[in-house]
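Just below is one structure, and these are the notes that go with it.
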Amino acid sequence: MAFSEKCRVGMIGAGNVAQRHARVLSGFADVEIIGVTDVVPPAAEALAARHGIPALPDSAALLSLQPDAVYVCVPPFAHGHAEEAVLASGAAMFVEKPIGVDLTVPTRIAAEVARRGTRTAVGHHWRYLDIVSTAAHLLADRPVRLVNGVWWDKVPPVAWWIRADRSGGPVVEQAAHVVDLARALVGPVTSVRAVGTGAPPPVEGADVDAATAATMTFASGAVGTLSSACVLGWKQRAGLEIIADGLALFVGEDELLIRDGSGEERRIAGDPEAARVAVDRAFVDALRGLADDVRVPYAEALETHRVTCAIAESVRTGQAISLVEPAATSIPAPRPSAEGQAGVAPRPAPELQAAAVPRPAAEQQAVAPPAPLQRADSAPVPSPQASAGMDGPGGAGTARGGERADG
Numbered sequence: 001m002a003f004s005e006k007c008r009v010g011m012i013g014a015g016n017v018a019q020r021h022a023r024v025l026s027g028f029a030d031v032e033i034i035g036v037t038d039v040v041p042p043a044a045e046a047l048a049a050r051h052g053i054p055a056l057p058d059s060a061a062l063l064s065l066q067p068d069a070v071y072v073c074v075p076p077f078a079h080g081h082a083e084e085a086v087l088a089s090g091a092a093m094f095v096e097k098p099i100g101v102d103l104t105v106p107t108r109i110a111a112e113v114a115r116r117g118t119r120t121a122v123g124h125h126w127r128y129l130d131i132v133s134t135a136a137h138l139l140a141d142r143p144v145r146l147v148n149g150v151w152w153d154k155v156p157p158v159a160w161w162i163r164a165d166r167s168g169g170p171v172v173e174q175a176a177h178v179v180d181l182a183r184a185l186v187g188p189v190t191s192v193r194a195v196g197t198g199a200p201p202p203v204e205g206a207d208v209d210a211a212t213a214a215t216m217t218f219a220s221g222a223v224g225t226l227s228s229a230c231v232l233g234w235k236q237r238a239g240l241e242i243i244a245d246g247l248a249l250f251v252g253e254d255e256l257l258i259r260d261g262s263g264e265e266r267r268i269a270g271d272p273e274a275a276r277v278a279v280d281r282a283f284v285d286a287l288r289g290l291a292d293d294v295r296v297p298y299a300e301a302l303e304t305h306r307v308t309c310a311i312a313e314s315v316r317t318g319q320a321i322s323l324v325e326p327a328a329t330s331i332p333a334p335r336p337s338a339e340g341q342a343g344v345a346p347r348p349a350p351e352l353q354a355a356a357v358p359r360p361a362a363e364q365q366a367v368a369p370p371a372p373l374q375r376a377d378s379a380p381v382p383s384p385q386a387s388a389g390m391d392g393p394g395g396a397g398t399a400r401g402g403e404r405a406d407g
């Protein structure tokens with residue numbers, strides 16, 4: 001794409017997160033939003049009216065306008081057909097997380113992305129927080145020993161979220177941000193074991209676990225826990241505690257807490273809004289050939305999704321789940337590269353930790369589909385079938401067509 005041209009972007013989905021992306025993209029002088037579609041027409045019409053763009057009846061009509069890129073902002077259960085249509089059109093693709101309810105659809109989409117060499121990005125915007133870059137620098141020469149991830153929150157006000165077959169459950173849909181942060185700062189997760197309450201939150205029609213607790217092991221030798229709860233009326237805490245040699249950190253979306261033995265705890269404020277802008281700016285810059293700072297392409301997002309799905313699988317089966325990672329040698333510092341770069345923000349340190357940590361080959365965009373999840377003590381466990389994909393962001397049971405629970 002010539003630098004003088006605007007990047008022409010279409011949108012599939014018109015819910016909360018799609019509205020945020022539209023607001024950010026409309027503020028870029030080198031971007032033109034050319035249209036939006038949603039299976040709930042009033043949602044598309046409302047977004048279209050705010051931005052002076054056409055509301056289109058379906059993804060085929062949107063793709064007939066030949067966008068350079070398409071944002072797929074649909075609920076977890078609706079992924080599949082939209083991505084396949086975008087890939088077939090030849091457009092670049094930004095997908096909001098989570099990328100599915102289980103591994104069935106995402107594995108298929110990842111294989112097609114790799115086959116076509118499509119430029120992609122996924123909306124794990126925490127990777128663009130300045131405080132995550134600071135945390136990575138602090139950990140550069142200190143081996144991580146222990147992590148504790150938490151997401152204690154309320155039930156989001158969207159009807160599909162409380163149903164496991166439509167959201168994937170709280171860990172897949174919500175705590176994925178924390179799991180992705182753990183992978184970015186500590187390295188690949190090699191096994192998980194988890195339990196759930198077996199009882200839903202006090203919301204009519206809910207079938208997701210009210211709380212989940214998991215243990216994780218990392219390729220580096222670090223160990224960790226992750227807990228999720230959705231029974232509060234507010235967000236109590238969301239982020240990752242990290243214990244390294246002589247250093248304790250808490251990394252959340254809006255703050256970094258540092259204690260290093262000096263006797264005082266330091267706090268650095270985060271800027272979530274800047275990160276949400278940065279994830280879109282990085283994608284557009286990559287499309288225009290101005291920079292290459294896409295930190296979570298689709299294949300990298302699939303690796304995070306594999307971990308959250310493994311936790312959900314362990315809750316269902318009561319078994320430890322082994323995640324078989326492709327062979328690799330180390331976590332490199334972020335560097336200019338093709339689509340697959342998946343590091344955190346640039347920093348002086350050459351690696352995230354003193355010891356070399358295997359990194360999934362998904363960081364190179366063109367990879368084979370990942371091996372299936374396996375129980376640590378048995379044969380491979382097939383992942384459950386995904387809900388039927390839909391040509392758009394909503395359907396029966398949604399509060400709004402493209403509405404998302406969080407960002």
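Residue numbers (the UniProt record's numbering): 1 to 407.
Built from N, CA and C at the ideal position, the CB exists for glycine as well.
With three or more beta-carbon pairs closer than 8 angstroms as the criterion, would you say the region 126-146 touches the region 241-253?
With a cut-off of 8 angstroms, the region 241-253 and the region 126-146 count as touching, because enough Cβ pairs lie within range.
Close beta carbons around E96, own chain, < 6 angstroms, minus the five adjacent residues each side
Position 96 of the sequence shown, counted from the start, is the residue given in the question as residue 96. Listed in chain order, the non-local C-beta contacts of E96 below 6 angstroms within the same chain comprise V17, C73 and G123, local neighbours out to five positions each way being set aside.
Simplified DSSP assignment, three categories, for W152
Walking along the sequence shown from the start, residue 152 turns up at place 152. In this structure, W152 counts as strand in the three-state DSSP scheme.
Classify R375 as helix, strand or coil using the three-state DSSP reduction.
By 1-based counting over the sequence shown, the position of residue 375 is 375. The predicted position of R375 is uncertain, since its pLDDT is 43 and thus under 50; a value taken from the coordinates is nonetheless stated next. The DSSP-derived three-state label of R375 is strand.
According to DSSP, is R267 helix, strand or coil?
Against the sequence shown, residue 267 aligns to sequence position 267. Reduced to three states, the DSSP call for R267 is strand.
From P188 to A219, what distance separates their C-alpha atoms?
Residue mapping note: residue 188 aligns to position 188 of the sequence shown, counting from 1. Residue mapping note: residue 219 aligns to position 219 of the sequence shown, counting from 1. Spanning the two alpha carbons is a distance of roughly 6 angstroms.
Separation of G233 from P157, as counted between CA atoms
Position 157 of the sequence shown holds residue 157. Position 233 of the sequence shown holds residue 233. Straight across, the Cα-Cα distance linking P157 with G233 is about 11 angstroms.
Alpha carbon of G196 to alpha carbon of K6, nearest angstrom
Numbered from 1 along the sequence shown, position 196 holds the residue referred to as residue 196. Numbered from 1 along the sequence shown, position 6 holds the residue referred to as residue 6. The straight-line gap from Cα to Cα measures roughly 48 angstroms.
Give the list of continuous alpha helix (DSSP H) stretches no shorter than 4 residues that lie fully inside the region 54-126.
Counting only runs that start and end inside the region 54-126, the alpha helix (DSSP H) elements of at least 4 residues fall at 59-63, 81-89 and 104-116.
Taking only runs of the beta strand (DSSP E) that begin and end inside the UniProt domain "GFO/IDH/MocA-like oxidoreductase" (144-243), which ones reach a length of at least 3 residues, in chain order?
You should have 144-152, 189-196, 211-218 and 223-229.
Given a cut-off of 8 angstroms on the beta-carbon distance, is the pair T212 and I311 in contact?
As a position in the sequence shown, residue 212 is number 212, starting the count at 1. As a position in the sequence shown, residue 311 is number 311, starting the count at 1. Contact flag set, yes.
Applying the 10 Å Cβ sphere with the 16-neighbour rule, what's the burial state of A214?
Position 214 of the sequence shown, counted from the start, is the residue given in the question as residue 214. By the neighbour-count criterion, in which 16 or more other beta carbons inside 10 Å mark a residue as buried, A214 falls on the buried side.
Does the separation of the CB atoms of W160 and F77 fall below 8 angstroms?
For this step, residue 160 is matched to residue 160 along the sequence shown. For this step, residue 77 is matched to residue 77 along the sequence shown. In this structure, F77 lies closer than 8 angstroms to W160 by Cβ.
Could you give the first and the last residue of the continuous beta strand (DSSP E) run that contains R8?
As a first step, residue 8 is located in the sequence shown; it is residue number 8 there, counting from the start. Under the DSSP assignment, R8 falls in the beta strand (DSSP E) whose first and last residues are C7 to I12.
Three-way DSSP call (helix, strand, coil) for E45 in this model
The residue you call residue 45 lines up with position 45 of the sequence shown. DSSP places E45 in helix when its eight states are reduced to three.
Applying the 10 Å Cβ sphere with the 16-neighbour rule, what's the burial state of R267?
Reading the sequence shown from its first residue, position 267 is the one you call residue 267. It counts as exposed.
Could you tell me the alpha carbon to alpha carbon distance between G316 and V113, rounded to whole angstroms?
Counting from 1 along the sequence shown, the entry for residue 316 is found at position 316. Counting from 1 along the sequence shown, the entry for residue 113 is found at position 113. Contrary to the premise, residue 316 reads as Arg rather than Gly in this sequence. The straight-line gap from Cα to Cα measures roughly 30 angstroms.
DSSP puts T317 in a beta bridge; with which residues?
Against the sequence shown, residue 317 aligns to sequence position 317. Per DSSP, T317 has no beta-bridge partner at all.
Endpoints, beta strand (DSSP E) assigned at F250
Here residue 250 is taken as the residue at index 250 of the sequence shown, counted from 1. From DSSP, the beta strand (DSSP E) with F250 extends over L247 to G252.
Could you check the C-alpha separation between V147 and A61 for me, to the nearest Å?
The residue you call residue 147 lines up with position 147 of the sequence shown. The residue you call residue 61 lines up with position 61 of the sequence shown. Their Cα atoms are separated by approximately 47 angstroms.
Quick one: what's got a C-beta closer than 8 angstroms to A85's C-beta in the same chain, skipping five residues either side?
The residue you call residue 85 lines up with position 85 of the sequence shown. Answer for A85: S59, A60, L63 and D391, listed in chain order.
Span of the alpha helix (DSSP H) holding L287?
For the purposes of this step, residue 287 is identified with residue 287 of the sequence shown, where counting begins at 1. Judged by DSSP secondary structure, L287 falls within the alpha helix (DSSP H) whose first and last residues are P272 to L287.
Specify the secondary structure class of S330 as computed by DSSP and reduced to three states.
For the purposes of this step, residue 330 is taken as residue 330 along the sequence shown, with counting starting at 1. Below a pLDDT of 50, predicted positions are generally treated as unreliable, and S330, at 40, falls in that range; the measurement from the model is reported next regardless. Look at S330 here: in three-state DSSP terms it is coil, with no helix or strand label.
So what does DSSP say about R142, is it helix, strand or coil?
For the purposes of this step, residue 142 is identified with residue 142 of the sequence shown, where counting begins at 1. Here R142 sits in coil by DSSP.
Bridge partners for R259 per DSSP, in chain order?
As a working mapping, residue 259 is identified with position 259 in the sequence shown. Checking the DSSP bridge columns, you'll see R259 partnered with A248 and E265.
Between R276 and the rest of its own chain, which residues show a CB-CB distance below 6 angstroms, the 5 nearest in sequence each way excluded?
Locating residue 276 in the sequence shown gives position 276, where the first residue counts as 1. Cβ neighbours of R276 beyond the five flanking positions: H125.
Taking the straight line between their C-alpha atoms, what separation do you get for S26 and F283?
As a position in the sequence shown, residue 26 is number 26, starting the count at 1. As a position in the sequence shown, residue 283 is number 283, starting the count at 1. So the two alpha carbons sit approximately 14 angstroms from each other.
Short Cβ contact (8 angstroms threshold) for A43 with A14
Stepping through the sequence shown from its first residue, residue 43 is reached at position 43. Stepping through the sequence shown from its first residue, residue 14 is reached at position 14. With respect to the 8 angstroms criterion, A43 and A14 are classified as neighbours on the basis of their beta carbons.
Inter-residue Cα distance where the pair is P117 and A175:
In the sequence shown, the residue the question calls residue 117 occupies position 117. In the sequence shown, the residue the question calls residue 175 occupies position 175. A small correction: the amino acid at residue 117 is Gly; Pro does not occupy that position in the sequence shown. Here the alpha carbon of G117 sits roughly 29 angstroms from the alpha carbon of A175.
If you reduce the DSSP assignment to three classes, tell me which class V132 lands in.
Against the sequence shown, residue 132 aligns to sequence position 132. Look at V132 here: in three-state DSSP terms it is helix.
Through-space distance from G168 to P372, alpha-carbon basis:
The sequence position of residue 372 within the sequence shown is 372, counting from 1. The sequence position of residue 168 within the sequence shown is 168, counting from 1. Only weak support exists for where P372 lies, its pLDDT of 45 falling under 50; the value from the coordinates is given anyway. Rounded to whole angstroms, P372 to G168 spans 17 angstroms at the Cα level.
Cβ of A291 within 8 angstroms of Cβ of D285?
Residue mapping note: residue 291 aligns to position 291 of the sequence shown, counting from 1. Residue mapping note: residue 285 aligns to position 285 of the sequence shown, counting from 1. In contact: A291 and D285 (Cβ atoms closer than 8 angstroms).
Can you list, in chain order, the residues of its chain whose CB lies under 8 angstroms from that of I162, leaving out five sequence neighbours each side?
Counting from 1 along the sequence shown, the entry for residue 162 is found at position 162. So the qualifying residues of the chain are V155, P200, P201, V203, G205, A206, D207 and V208.
State the Cα-Cα distance for the pair G221 and G100, rounded to the nearest angstrom.
Here residue 221 refers to the residue found at position 221 of the sequence shown. Here residue 100 refers to the residue found at position 100 of the sequence shown. Straight-line measurement puts the Cα of G100 at about 29 angstroms from the Cα of G221.
I think M93 touches T120, with their Cβ atoms under 8 angstroms apart; what is that distance to the nearest whole Å?
Position 93 of the sequence shown, counting from 1, holds the residue named residue 93. Position 120 of the sequence shown, counting from 1, holds the residue named residue 120. Yes, M93 and T120 are in contact; Cβ-Cβ is about 5 angstroms, under 8 angstroms.
Name, in chain order, the residues that DSSP records as bridge partners for E32.
Walking along the sequence shown from the start, residue 32 turns up at place 32. Note: E32 sits in a beta bridge opposite R8.
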